[in-house]
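What follows is one structure encoded as structure tokens, with my remarks underneath.
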Amino acid sequence: MPPLTPDTVRTATETLSRLTDYLRENPDPEEAFALAEPLLDEYTGLPVQFADTLRALARALQNHPDAPRTLAGDLLINELRTAAWEQADQPLHGVLDGLRELYGSAAEGGQGCGRCR
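To convert, count from 1 in the sequence shown and add 1; that's this note's numbering.
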């Protein structure tokens, strides 16, 4: 794996920006779900990855031998860790599944009696 650089990380954020722009163009829901699904996976999706990144950043900063040992620094590192927990606590994969079921049911349209539709 090539070493990470700010440019490689920037490329990832640019890809997310392109996805956002594309979704604003009202694509077919199935295509939109397919594109968003990897981002919302409950084990490897963006909330989990971003939370892990925030925790790793906090650890790297706190454990660096040249890191200043101050109350202000400790508070900021704790804010990173709190943000990480908040990110990891987003149950978005289930939302995606529910939306997929809802749109799948709406697309089928003809099933069920009149009262059920």
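Note that the Cβ used here is the ideal one computed from N, Cα and C, for glycine as well.
- Between G46 and the set E87, T71 and H94, the nearest pair of CA atoms involves H94.
- DSSP places L72 in the uninterrupted alpha helix (DSSP H) bounded by L72 to A89.
- The region 74-89 makes contact with the region 43-58: 3 or more CB pairs, one atom from each, lie closer than 8 Å.
- According to the DSSP assignment, A33 belongs to the alpha helix (DSSP H) that extends over P30 to L41.
- Closest in alpha carbon position to L97, among A61, L76 and L41, is L41.
- In the three-state DSSP reduction, R101 falls in the helix class (H, G or I).
- For L72, the number of other beta carbons within 10 angstroms of its own is below 16, and it is reported as exposed.
- Taking the Cβ atoms as the reference, I78 lies roughly 6 Å from L62, within the contact range of under 8 Å.
- For T14, the secondary structure class from DSSP, reduced to helix, strand or coil, is helix.
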